[in-house]
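In my numbering, the protein residues as written are 11 to 170.
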């Protein structure tokens with residue numbers, strides 16, 4: 011079972027009070043995953059939300075049958091499986107452990123119900139979610155621009 015101390019080390023929950031964390035605690039189950047173990051696959055139902063306690067998780071996508079790329083690396087204190095916040099959605103990437111991992115797993119429907127029930131918790135969690143995802147989008151946009159400007163045809167057009 012997860013602890014208040016572990017919840018406090020998760021970036022998503024760092025602004026919550028102990029009382030708020032105590033409401034989340036019954037939803038959080040700690041699970042161990044082995045190296046190379048798959049947490050979820052593309053197309054699988056997004057029923058759970060995950061926060062990494064220890065280890066490293068890669069998010070990957072398959073471009074073609076022989077080419078799989080990493081689209082993100084999750085380090086301790088960060089969360090993934092954001093699709094669990096949305097209704098009737100499936101995962102779009104593969105989440106795989108790159109080393110043994112301890113992961114806090116929460117049922118998405120129960121977590122959403124708590125956020126709806128306690129608007130103070132819901133507001134703080136969604137505010138932090140927006141900040142985390144905005145930072146992730148900025149990093150991905152910068153990576154995309156860097157990669158695309160290296161394309162020979164585009165580099166020529168830009169005079170690089």
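Glycine included, C-beta positions come from ideal geometry on N, C-alpha and C.
- Between residue 18 and residue 31, the gap from beta carbon to beta carbon is short of 8 Å.
- Pairing residue 45 with residue 110 gives a Cβ-Cβ distance under 8 Å.
- Sixteen is the threshold: when 16 or more other Cβ atoms of the shown chains lie within 10 Å of the Cβ of residue 61, as they do, the residue is buried.
- Segment contact: the region 99–108 against the region 46–57, three or more CB-CB distances shorter than 8 Å; contact assigned.
- In the DSSP assignment, residue 82 falls within the beta strand (DSSP E) that extends over 77–84.
- Counting of Cβ neighbours within 10 angstroms places residue 29 among the exposed residues, the total staying below 16.
- In the DSSP annotation of this structure, residue 43 is not part of any alpha helix (DSSP H); the continuous beta strand (DSSP E) holding it starts and ends at 39–43.
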